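Student: Protein chains in written order, with our numbering: chain L, 994 to 1214; chain B, 994 to 1214; chain H, 113 to 339; chain F, 113 to 339. Glycine is no exception: its CB is placed at the ideal position from the N, C-alpha and C atoms. Only a predicted model underlies this, so the values are computations on that prediction, with no experimental measurement involved.
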Amino acid sequence: MSETAVASFKPFTRPQMAQRAAADIPEGWYVNLGIGIPTMISDYVPAGREVIFHSENGVLGMGPAPEKDKIEPWLINAGKQYVTMLPGGSFCHHADSFSMIRGGHLDLCVLGAFQVADNGDIANWATSENDTAPAVGGAMDLAAGAKRLWVLMEHTTKDGSSKLVTKCSYPLTAPGAVKRIYTNLATIDVTDRGFVVLGMAPGLSLEDLQARTDAKLHLPA
Amino acid sequence: MSETAVASFKPFTRPQMAQRAAADIPEGWYVNLGIGIPTMISDYVPAGREVIFHSENGVLGMGPAPEKDKIEPWLINAGKQYVTMLPGGSFCHHADSFSMIRGGHLDLCVLGAFQVADNGDIANWATSENDTAPAVGGAMDLAAGAKRLWVLMEHTTKDGSSKLVTKCSYPLTAPGAVKRIYTNLATIDVTDRGFVVLGMAPGLSLEDLQARTDAKLHLPA
Amino acid sequence: MINKIVQSMADLMSGIKDGSVVLLGGFGSVGQPNALIDGLIEQGAKDLVVAANNAGAGHVGLARLMELNRVRKIICSFPRSSDPVVFETLYRAGKIELEIVPQGTLAERMRAAGAGVPAFFTATGVGTKMAVGKEHREIGGRTYILEEWLKGDVGLVEAWEADRWGNLTFKQSGRNFNPLCAMASDLSLVQAQHIRELGEIDPDHVVTPGIFVDRVLHVPYGDPSGF
Amino acid sequence: MINKIVQSMADLMSGIKDGSVVLLGGFGSVGQPNALIDGLIEQGAKDLVVAANNAGAGHVGLARLMELNRVRKIICSFPRSSDPVVFETLYRAGKIELEIVPQGTLAERMRAAGAGVPAFFTATGVGTKMAVGKEHREIGGRTYILEEWLKGDVGLVEAWEADRWGNLTFKQSGRNFNPLCAMASDLSLVQAQHIRELGEIDPDHVVTPGIFVDRVLHVPYGDPSGF
Chain L
994 MSETAVASFK PFTRPQMAQR AAADIPEGWY VNLGIGIPTM ISDYVPAGRE VIFHSENGVL
1054 GMGPAPEKDK IEPWLINAGK QYVTMLPGGS FCHHADSFSM IRGGHLDLCV LGAFQVADNG
1114 DIANWATSEN DTAPAVGGAM DLAAGAKRLW VLMEHTTKDG SSKLVTKCSY PLTAPGAVKR
1174 IYTNLATIDV TDRGFVVLGM APGLSLEDLQ ARTDAKLHLP A
Chain B
994 MSETAVASFK PFTRPQMAQR AAADIPEGWY VNLGIGIPTM ISDYVPAGRE VIFHSENGVL
1054 GMGPAPEKDK IEPWLINAGK QYVTMLPGGS FCHHADSFSM IRGGHLDLCV LGAFQVADNG
1114 DIANWATSEN DTAPAVGGAM DLAAGAKRLW VLMEHTTKDG SSKLVTKCSY PLTAPGAVKR
1174 IYTNLATIDV TDRGFVVLGM APGLSLEDLQ ARTDAKLHLP A
Chain H
113 MINKIVQSMA DLMSGIKDGS VVLLGGFGSV GQPNALIDGL IEQGAKDLVV AANNAGAGHV
173 GLARLMELNR VRKIICSFPR SSDPVVFETL YRAGKIELEI VPQGTLAERM RAAGAGVPAF
233 FTATGVGTKM AVGKEHREIG GRTYILEEWL KGDVGLVEAW EADRWGNLTF KQSGRNFNPL
293 CAMASDLSLV QAQHIRELGE IDPDHVVTPG IFVDRVLHVP YGDPSGF
Chain F
113 MINKIVQSMA DLMSGIKDGS VVLLGGFGSV GQPNALIDGL IEQGAKDLVV AANNAGAGHV
173 GLARLMELNR VRKIICSFPR SSDPVVFETL YRAGKIELEI VPQGTLAERM RAAGAGVPAF
233 FTATGVGTKM AVGKEHREIG GRTYILEEWL KGDVGLVEAW EADRWGNLTF KQSGRNFNPL
293 CAMASDLSLV QAQHIRELGE IDPDHVVTPG IFVDRVLHVP YGDPSGF
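#1: Could you check if L292 (chain F) belongs to the surroundings of the ligand MN, using beta carbon to heavy atom distance under 7 angstroms?
#2: Strictly under 8 angstroms for the Cβ-Cβ distance: is I257 (chain H) near chain B by that measure?
#3: Run through the stretch 1021-1070 of chain L for me and flag every whole beta strand (DSSP E) of 3 or more residues, listed as ranges in chain order.
#4: As a quick exercise: from B:L1199, B:G1054, B:P1127, pick the residue whose alpha carbon is nearest that of P1166 (chain B).
#5: Please return the same chain residues whose Cβ sits closer than 7 angstroms to the Cβ of H1086 (chain B), not counting the five positions on each side in sequence.
#6: Measure from the C-beta of T1006 (chain B) to each C-beta in chain H and report whether the shortest distance is under 8 angstroms.
#7: Flag C1085 (chain B) as yes if its beta-carbon sits less than 8 angstroms from any beta-carbon of chain H, otherwise no.
#8: Under a CB-based cut-off of 8 angstroms, is F190 (chain F) close to chain L?
#9: Name the chain L residues that come within less than 7 angstroms of L292 (chain F), Cβ to Cβ?
#10: Would you say F289 (chain H) lies against chain B (beta-carbon separation less than 8 angstroms)?
#11: Taking only runs of the alpha helix (DSSP H) that begin and end inside the stretch 223-291 of chain H, which ones reach a length of at least 4 residues, in chain order?
#12: Taking the alpha-carbon positions, what's the S300 (chain F) to P1066 (chain B) distance?
#13: Indicate whether at least one CB of chain B lies closer than 8 angstroms to the CB of V251 (chain H).
#14: Would you say R275 (chain H) reaches chain F, if we count a Cβ-Cβ gap shorter than 8 angstroms as a contact?
#15: Decide if the stretch 244-251 of chain H is in contact with the stretch 281-296 of chain H; the criterion is three or more beta carbon pairs, one per stretch, under 8 angstroms apart.
#16: Just to make sure I have the definition right: I need the residues of chain L whose C-beta is within less than 7 angstroms of the C-beta of S285 (chain F). Which are they?
#17: In three-state terms, what does DSSP make of H317 (chain F)?
#18: Does DSSP put N146 (chain H) in a helix, a strand or coil?
#19: Against chain L, does I307 (chain H) count as a neighbour if the rule is that its beta carbon must be under 8 angstroms from one of theirs?
#20: Starting from R327 (chain H) and walking both ways along the beta strand (DSSP E), at which residues does that stretch end?
#21: Which parts of the stretch 1117-1167 of chain B are runs of the alpha helix (DSSP H), unbroken and 4 residues or longer, counting only runs that do not cross its ends?
#22: Locate the alpha helix (DSSP H) running through A1016 (chain L), then write down its first and last residues.
#23: Among H:G140, H:L329, H:G253, whose alpha-carbon lies nearest the alpha-carbon of G1130 (chain B)?
#24: Listed in chain order, which residues of the stretch 207-234 of chain H have Cβ atoms closer than 7 angstroms to some Cβ of chain L?
#25: Restricting to Cα atoms, I'd like to know which of F:F233, F:D195, F:G267 is closest to Q144 (chain F).
#26: Thinking just about the alpha-carbon of each residue, which of L:R1205, L:T1176, L:A1132 is nearest to the one in G1027 (chain L)?
#27: Please name the residue in F:E211, F:H317, F:L329 whose C-alpha comes closest to that of A1081 (chain B).
#28: Could you pull the start and end residues of the beta strand (DSSP E) that T1180 (chain L) belongs to?
#29: Can you tell me whether P196 (chain F) is buried or exposed, with buried defined as 16 or more other CB within 10 angstroms of its CB?
#30: Over the uninterrupted beta strand (DSSP E) stretch that includes D298 (chain F), give me the two end residues.
#31: What does the alpha-carbon distance come out to for the pair E996 (chain L) and E1122 (chain L)?
#32: Output the boundary residues of the beta strand (DSSP E) element that contains S1083 (chain L).
#33: Exposed or buried, what is Y203 (chain H) when buried is set at 16 or more other beta-carbons lying within 10 Å of its beta-carbon?
#34: In terms of residue numbering, what span does the alpha helix (DSSP H) encompassing E209 (chain F) cover?
#35: For G173 (chain H), which of helix, strand or coil comes out of DSSP?
#36: Can you give me the C-alpha to C-alpha distance between I1115 (chain B) and M295 (chain F), rounded to a whole angstrom?
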């Protein structure tokens, strides 16, 4: 992939990425946030808007992270971070918790990813076919089960390779699952036509973005 | 089937049938009792012996029937009779309740039956292949799922036909499921050899019993 | 603010379409969403497929819905009742279809629908009429049959407590099929005896979390009135 | 009198055989039956197959059991941890088998074992490495794969409360896999923080009924100690 010289632009920071995704979540949705950047989304839900966050380990209705002197040692999320519970929250066992996921009851899951293809394939759990002891956790359940899957990730790898591809080279988490991608460069829908750009970082042109993206980008019809 | 003239004997009464079955239930067993005579078994568990009774509708740890002025209208058994709960009892939903049954966790189920064959087949839910609206309830789950199935029933129908048969003529509830039968005439195990008589009503001979039984009866080896 | 509590039966019932599959909680008279069945009668949807443990009794509730020729098919484990005249009359006249399902299979099919399991193997019914036409498979030396999930378009649920997020508890044997109807249905409608403030129900004691519930109506009818 | 409460770890652990499949509750450090794992180390059974969400951390608990070459195979969703050195060393040396299972499939396979479902279809893993060699089937326009139950010979469970009938409650996110390990295992062994008199646990609040529990030991260890 060729790098093109680009006029100065300002990539979204991780908090901005999380904030953009959070802004697009309507009130009342049940949402599972993957480990890493997606977890930050809960910090950016607009005030007064009720969104109900789910964690695979049987926690529904999580609130913000606890203050350091108010940690409840029995209350963690799937990323094994201490969390809080909002009034209205509830606990359940793992099979009941994954019934919510696998039974199609979650309105949204937001995961990180290594690669997303323009047919919606996602690879986020192993970086080679021969990974020693790859760790899948709940990612395949979430990708296959949630009503919508969004991905929050850097647009390119550290060495500049596009993470938005025509075909995932890493082992798949689920085929055809991703509906939307928030990167540090753009917000992109995955449609029947492929990647459709909904918005870009300030100063970035579509040509600039395409230069950093393996798969073909489209504008909204 | 021929009726033979028999010297005077005393069939077991229904309470005696229930009492005989109750005496054979060890402490600590989890037991489901079918509608009808089997329900009476719980009244005859020897004092001080703890047996835990289950009902399909999500009730585990039932106690005796309530006194009339102490009925709890939210607490019924699968026969839709008011029951009580012992300390240590618990409630659950129907799928969890049938997990106990279908997952092989019940030590014993005692059902009534129309017919039992000497290979253990049981027919207890419909009296013809063309029954209008036969009602199976939980019988098939119990017959297939409990660790042991006992049957408590009259030895013959009202017209004198044997209910212990070589082959059930009524639609099956489950094949090869019955381990023991308590009738008003005898206690009979279902073994690889067929029916084995463990005990008989006072005054009844094996010949008398055989005359009232379609299938071949054996004595314990 | 999320508020699943509605103020009228008409609001609760809005959007139920003709031809819907309706899953009905309750066992005996305990935990039966009688007010919701009356609401459905009033609402008018017809050509319904109703799954419930029983096929109604007397001329009220489900029996009344059937008597009005609004039910095309009933899926149940035990069509008999203390007074099954409505069902039996319709059934003999060929005016209603019947699918008999073992009670545990009925419960498990609903749970499967809620849990994203389209089909599962079970030993229940093997070697009986229930197994006719079903896929058989030997697994670990035992024979099982394949059963499919039972999804509801609408679930009618009776609960003891509910809050505005739709969290539910149930009273004693009133739990029965109710949590399953909630999780298995696209539109889960609840009549609740008590409305609680958010947070009043202990998070460890919630039986049906609000994710399985769409709308709640306060119906403080008191105790079940017998059979 | 039924009394599932035993007085010593040796009594609790008696009868566990070499080659057992051991289902292990816990998620992260919360709800992990650490005392029971230590008891199993002491008890001596080897050639074990262990199913748990993780593959142990540091050199304690499950990691210690593996380090002693007592575990032939591990079934888990997430072998990585903050300190996975024991597992990774054994795995690279070919001294331990690994079966990776998606977390929800792992939970559902345990639940299926407890519920008498030998196999079920699921969408999780379709189109991935997890589906290789598994039966595929299209049901209602979607493709699913068949997964089998996961039965335990022994289940190790951490509970908050227990009574002499073996009824259990769990604390907050300490519930996780624990009720599933209990229902899926032939021999369910529990360490409980609090022993209650029979009847002290509200029948509506029992999470794991005693029918799924064989023996209980009082282990009031306090709070999980972090990761």
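Tutor: By the coordinates alone:
#1: For the ligand MN, the structure offers nothing, since it holds no ligand at all.
#2: Translated into positions along the third sequence, residue 257 (chain H) becomes position 145. I257 (chain H) does not count as touching chain B.
#3: 1023-1026, 1045-1048, 1052-1056
#4: Stepping through the second sequence from its first residue, residue 1166 (chain B) is reached at position 173. The sequence shown places Thr at residue 1166 (chain B), rather than the Pro named in the question. Among B:L1199, B:G1054, B:P1127, the Cα nearest to that of T1166 (chain B) belongs to B:P1127.
#5: Reading the second sequence from its first residue, position 93 is the one you call residue 1086 (chain B). Around H1086 (chain B): G1051.
#6: As a position in the second sequence, residue 1006 (chain B) is number 13, starting the count at 1. Not an interface residue.
#7: The count along the second sequence starts at 1 and reaches residue 1085 (chain B) at position 92. Interface residue, yes.
#8: Here residue 190 (chain F) is taken as the residue at index 78 of the fourth sequence, counted from 1. For F190 (chain F), the answer is yes, since a Cβ of chain L falls inside 8 angstroms of its Cβ.
#9: Within the fourth sequence, the letter at position 180 stands for residue 292 (chain F). Under the 7 angstroms cutoff, chain L gives H1086, H1087, A1088.
#10: Here residue 289 (chain H) corresponds to residue number 177 of the third sequence, with the count starting at 1. So, interface residue.
#11: none
#12: By 1-based counting over the fourth sequence, the position of residue 300 (chain F) is 188. By 1-based counting over the second sequence, the position of residue 1066 (chain B) is 73. Rounded to whole angstroms, S300 (chain F) to P1066 (chain B) spans 34 angstroms at the Cα level.
#13: Position 139 of the third sequence, counting from 1, holds the residue named residue 251 (chain H). Residue identity check: residue 251 (chain H) is Ile in the sequence provided, not Val. No, because no Cβ of chain B sits closer than 8 angstroms to the Cβ of I251 (chain H).
#14: Residue 275 (chain H) sits at position 163 when you count from the first residue of the third sequence. Correcting the residue type first, residue 275 (chain H) is Asp in the shown sequence and not Arg. Output row for D275 (chain H): interface = no.
#15: no
#16: Taking the first residue of the fourth sequence as 1, we reach residue 285 (chain F) at position 173. Simply N1050, G1051, V1052, W1067, L1068, I1069, F1084.
#17: Here the question's residue 317 (chain F) lines up with position 205 in the fourth sequence. Reduced to three states, the DSSP call for H317 (chain F) is coil.
#18: Here residue 146 (chain H) refers to the residue found at position 34 when the third sequence is read from its first residue. Three-state DSSP puts N146 (chain H) in a helix.
#19: Your numbering for residue 307 (chain H) matches position 195 in the third sequence. No - not a single Cβ of chain L is within 8 angstroms of the one on I307 (chain H).
#20: Here residue 327 (chain H) is taken as the residue at index 215 of the third sequence, counted from 1. Taken as a continuous stretch (DSSP letters only), the beta strand (DSSP E) holding R327 (chain H) covers 327-330.
#21: 1132-1138
#22: Here residue 1016 (chain L) refers to the residue found at position 23 when the first sequence is read from its first residue. It spans 1007-1016 - the alpha helix (DSSP H) in which A1016 (chain L) sits, taken as one unbroken run.
#23: The residue you call residue 1130 (chain B) lines up with position 137 of the second sequence. The shortest Cα separation from G1130 (chain B) among H:G140, H:L329, H:G253 belongs to H:G140.
#24: G226, A227, G228
#25: Along the fourth sequence, one-based indexing puts residue 144 (chain F) at 32. Answer by Cα proximity: F:G267.
#26: Numbered from its first residue, the first sequence carries residue 1027 (chain L) at position 34. Among L:R1205, L:T1176, L:A1132, the Cα nearest to that of G1027 (chain L) is on L:A1132.
#27: Residue 1081 (chain B) sits at position 88 when you count from the first residue of the second sequence. In the sequence as displayed, the identity of residue 1081 (chain B) is Gly instead of Ala. Nearest C-alpha to G1081 (chain B): F:H317.
#28: For the purposes of this step, residue 1180 (chain L) is identified with residue 187 of the first sequence, where counting begins at 1. Here the beta strand (DSSP E) through T1180 (chain L) covers 1179-1184.
#29: Mapped onto the fourth sequence, residue 196 (chain F) falls at position 84. So P196 (chain F) counts as buried.
#30: Start at 1 with the first residue of the fourth sequence, and residue 298 (chain F) comes out as number 186. It spans 297-307 - the beta strand (DSSP E) in which D298 (chain F) sits, taken as one unbroken run.
#31: In the first sequence, counting from the first residue as 1, residue 996 (chain L) sits at position 3. In the first sequence, counting from the first residue as 1, residue 1122 (chain L) sits at position 129. Confidence at E996 (chain L) is low in this model, with a pLDDT of 47, below 50, so the placement of that residue should be treated as unreliable; the coordinate-derived value is given next. Cα to Cα, E996 (chain L) sits roughly 28 angstroms from E1122 (chain L).
#32: The residue given as residue 1083 (chain L) occupies position 90 in the first sequence. First-last of the beta strand (DSSP E) with S1083 (chain L): 1077-1084.
#33: Start at 1 with the first residue of the third sequence, and residue 203 (chain H) comes out as number 91. It counts as buried.
#34: Against the fourth sequence, residue 209 (chain F) aligns to sequence position 97. Looking at the DSSP string, E209 (chain F) is not in any alpha helix (DSSP H); the run it does join, the beta strand (DSSP E), is 209-212.
#35: One-based indexing of the third sequence puts residue 173 (chain H) at position 61. Helix, per DSSP.
#36: One-based indexing of the second sequence puts residue 1115 (chain B) at position 122. One-based indexing of the fourth sequence puts residue 295 (chain F) at position 183. The alpha-carbon atoms of I1115 (chain B) and M295 (chain F) are separated by roughly 28 angstroms.
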